[in-house]
Every structure is written in C-alpha cells, then in structure tokens.
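Chemist: Here the sequence shown stands for residues 472 to 812, numbered as in my numbering. Can you keep this structure in mind? I'll have questions shortly.
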Amino acid sequence: MGFWHLVVRAATFVCAVSSATHVNVAIGNEDWLSGAPEGWKTFEEYRFPMFLDALNKAYPDIQVTSSESYYDGYDIPEPAADDYHVYTEPDTLVAEFNKFDNMTTPHMIGEMAAIHPNGELLFQATASSTGGGLSAGISQHGGRDGALEPLLISSMLRRGGTVGEAVSLISCERNQYRTTRAAHAPIIRNIDYSAFEISPRYVVPRGASIGNQLVAAHPMTHALHATPQFDPLCYVAGGNDKPGGHMFKMAVYNSTDSADVPVKLNFERVKPGTSGELTIPTRPEDPYGSNDPYTGINVVNTGKATTRSDRNGKFRFSLPDLSVAVLDTNPATLCRWKNAP
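Spelled out as structure tokens, the structure:
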C-alpha cells in the first residue's frame with residue numbers, strides 16, 4: 472500500500488469560534504418534532520422571524536440559531552444559523568463527511584451520536600413502567616440489567632461508532648468558518664435508559680468519549696488547506712495562533728482488508744527535525760467491549776509517541792483501521808485539560 476502524502480498549505484480559514492466573546496443563542500429545540508404540525512408552522516411563519524429580528528436589533532453581535540436545520544426543509548432566514556441533529560449509524564456519519572462543504576448558511580451541530588452499529592437495531596424504546604422516561608428492549612447485545620452497552624457506554628471502536636463520531640467532528644473543523652458549534656450527544660445518560668437518578672459510583676464515560684475528547688482537546692483557531700485526498704483517511708489540518716504549532720486530526724474508517732494506513736505528511740515552513748506528539752487511542756479486542764461501572768474496567772487506552780519530521784520535513788507513521796489520532800507539534804500548551812488525551 473502506498474503512502475498517503477498530504478501537503479498542508481499555509482493559507483488559512485479563520486475559525487468563527489476562536490473568539491471567547493462569540494455568543495450563540497438558539498431559539499427553541501426540535502420544534503418540528505414536539506411542536507408539529509401547528510407549532511412548527513407558527514415557528515417558521517412568524518415566531519422565529521420575530522425573535523431573530525428583535526435579537527439582531529438589540530444584540531447585533533449575537534449569532535441567532537433556528538430550532539432546526541436547512542436539511543429538514545426550513546429555508547433559514549438570514550443571518551440566522553441552523554441546528555443540525557443526527558442520531559444514526561457510523562456509516563452515515565462518515566458518508567456525511569462532505570455534507571457542509573458547499574453550504575452557505577452557518578450552522579451548529581447541536582446533537583450528534585452513533586447510536587447503533589451499522590445495520591443493527593440495538594434496542595426498541597417502550598413506555599417506562601416507572602413513568603416519566605423510556606425503558607429499553609435489549610437485543611442480543613444488551614448488557615447487565617438492560618444496560619445499553621454498545622449504544623451509550625461502549626467504545627464501539629471495533630464497530631466504528633467512535634470513529635464515525637470523530638469523523639463527524641473532524642468534518643465540522645474542516646468547515647469551521649461555517650460551523651458555529653458542535654456538540655456530541657448524549658453527554659450523560661442513566662445506564663438503564665430510564666430515570667436520571669445519577670450515582671457518582673456508577674458514572675462511567677463512554678469509550679467513544681475518548682475519541683471526542685481527543686479531537687476537542689487540541690483546539691484550532693484556523694484550518695489549513697490540504698491536498699484533498701480522503702477515504703479511508705478523513706482529516707483536518709490546522710493550527711493555533713496564540714501558542715503556535717500545527718495539528719493534524721485524522722480517523723481511519725474501513726481501510727481495504729482492514730490494513731494499516733501509512734501516512735506521509737508535511738506542513739509548509741515546518742523544519743526538518745520538528746517533533747510532534749502522536750496520540751492514538753487503542754481499541755478493545757472484543758467488538759462489543761464496554762466500560763463497566765460495576766467493575767471499573769476501561770476498555771480504551773490512549774497511547775502517545777513522539778515523532779520527528781525527516782530531512783525533507785515530512786512526518787511518517789501508520790494508523791490501524793478504525794482508529795482516531797492527533798498529531799500535534801505543540802501539545803503541552805495546546806491541550807486545555809489536564810487529563811485529556
């Protein structure tokens with residue numbers, strides 16, 4: 472297999488979310504769902520336009536966001552942004568990698584998650600016997616006491632869930648001059664998918680949270696032009712103006728015969744011998760392995776290695792299939808959270 476040779480250009484796109492003063496105000500939430508049909512009709516016809524007009528006049532620097540997306544058939548009035556929600560399988564998230572490339576309406580990804588493996592309906596939601604929630608009818612892959620293991624607390628790394636979500640976030644950073652915000656969902660969920668009676672003893676991160684945290688912990692103020700080669704390697708190149716340094720965030724999804732993907736990468740004006748920290752979370756052997764709050768098992772570990780550009784200024788490394796990784800030439804100052812990958 473040949474190298475993926477990527478040349479990262481110096482020209483940049485400015486990130487709209489790099490300013491700490493940027494404020495986004497969303498009006499409503501999924502009015503097309505809970506308010507339909509009459510509530511959604513009035514939202515489109517006059518309620519949202521009235522909010523937009525009033526807020527723009529009083530606070531012209533605020534980004535006002537609609538309850539739903541352009542892709543749901545709503546012609547978003549300017550200068551408002553839309554709010555795209557997607558709960559789906561990994562294949563769909565990867566297929567949408569280029570979804571926002573030619574979009575002119577600003578948008579935020581208000582909710583995004585891979586909620587079941589490709590082609591597998593993991594659970595069916597039914598009315599909760601305790602009221603006020605949902606209980607899950609678990610398929611053959613369900614866990615202890617109805618825990619949605621591959622759905623909400625599993626890594627799904629071997630099944631592509633973590634990678635699919637990372638690809639979605641990388642897509643947002645590629646289009647950061649159009650994307651105002653992006654949020655993974657759910658942030659927290661009771662393990663039996665019913666009431667929100669949270670006990671610290673049983674709070675456990677999804678394995679997929681490692682991939683999301685890895686992408687988020689290395690903030691970019693701008694994206695860089697790069698040679699447009701994708702599949703199976705999805706990526707974004709960028710940097711951070713304040714501390715300096717370059718980043719390359721990437722994910723490998725379904726390589727040919729599950730082979731490792733060799734990468735050869737060079738940034739313009741990066742000198743030979745420049746060091747970079749390469750971070751790669753490792754996947755569990757069990758495709759349905761999960762973080763277990765009862766035993767404390769964490770199936771995803773994070774490996775870090777230092778690599779240096781060669782005499783031609785190129786970084787060379789290989790990534791396994793179904794992996795997420797970040798190469799960062801200034802990791803100590805860019806990583807915002809002490810325990811982040």
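Ideal Cβ placement from N, Cα and C applies to all residues, glycine included.
(1) Taking 9 angstroms as the cut-off, decide whether the C-beta atoms of R740 and L793 are in contact.
(2) Take the Cβ of K742 as the centre, count every other Cβ of all protein chains shown within 10 Å, and call the residue buried at 16 or more, exposed below.
(3) Where do the N-terminal and C-terminal ends of the beta strand (DSSP E) with G767 fall, by residue?
(4) The ligand ZN heavy atoms versus the CB of F519: any closer than 8 angstroms?
(5) What do you get for L504, buried or exposed, if any count of 16 or more other CB atoms within 10 angstroms of its CB means buried?
(6) What residue range is occupied by the uninterrupted alpha helix (DSSP H) comprising P561?
(7) Check whether the Cβ atoms of S639 and L695 sit closer than 9 angstroms, and answer yes or no.
(8) Assign Y724 to buried or exposed, taking buried as 16 or more other Cβ atoms, counted over all protein chains shown, within 10 Å of its Cβ.
(9) Please report the straight-line C-alpha distance between D763 and V634, rounded to a whole angstrom.
(10) Checking 9 angstroms against the spacing of the C-beta atoms, do V420 and L736 come in under that value?
(11) In terms of residue numbering, what span does the alpha helix (DSSP H) encompassing E833 cover?
(12) May I have the straight-line CA-CA distance separating E567 from R652, to the nearest angstrom?
(13) The beta strand (DSSP E) spanning G747 covers which residue range?
(14) Could you check if R782 is buried or exposed, using at least 16 other CB atoms within 10 Å of its CB as the buried criterion?
(15) Is it right to say A776 is buried, meaning 16 or more other beta carbons lie within 10 angstroms of its own, or is it exposed?
(16) Which residues in the same chain have their Cβ closer than 8 angstroms to the Cβ of Y545, if we skip the five residues on either side of it in sequence?
(17) What are the residues that DSSP puts in a beta bridge with M721?
(18) Can you give the beta carbon distance from T650 to I580, rounded, assuming they're within the 8 angstroms contact cut?
(19) How about A637 and V686: are their beta carbons less than 9 angstroms apart?
(20) Among the candidates K570, T575, F571, whose CA atom is the shortest distance from the CA of P550?
(21) To the nearest angstrom, how far is it from the Cα of I533 to the Cα of Y541?
(22) Where DSSP assigns a beta bridge to F701, which residues make up the other side?
(23) If the criterion is Cβ atoms closer than 9 angstroms, does the pair V707 and P791 meet it?
(24) In chain order, what residues of the same chain have a beta carbon less than 6 angstroms from the beta carbon of T492, not counting five sequence neighbours either side?
(25) Can you name the residues that DSSP bridges to G506?
(26) Determine the contact status of V535 and A497, defining contact as a CB-CB distance below 9 angstroms.
(27) Assign V734 to buried or exposed, taking buried as 16 or more other Cβ atoms, counted over all protein chains shown, within 10 Å of its Cβ.
(28) Would you mind giving the Cβ-Cβ distance between N801 and G715, rounded to the nearest angstrom? I have them listed as a contact below 8 angstroms.
(29) Considering only DSSP beta bridges, list what A584 is partnered with.
Modeler: For this structure:
(1) no
(2) exposed
(3) Note, G767: premise wrong, no beta strand (DSSP E); not H, not E.
(4) Summarising the ligand content, the structure contains no ligands, and the ligand ZN is consequently not present.
(5) exposed
(6) 561–566
(7) no
(8) buried
(9) 20 angstroms
(10) A query on residue 420 cannot be resolved here, the shown segment of the chain reaching from 472 to 812 and no further.
(11) The structure shown has nothing for residue 833, since the chain only spans 472 to 812.
(12) 17 angstroms
(13) 746–753
(14) exposed
(15) exposed
(16) W503, E515, S537, E539, D553
(17) Y706, A796
(18) 7 angstroms
(19) yes
(20) T575
(21) 20 angstroms
(22) Its beta-bridge partners do not exist; DSSP assigns none.
(23) no
(24) In this prediction, T492 has a pLDDT of 47, which is less than 50 and means its spatial position is unreliable; nothing more can be read from the coordinates.
(25) In DSSP, G506 forms no bridge with anything.
(26) yes
(27) buried
(28) 6 angstroms
(29) Y558
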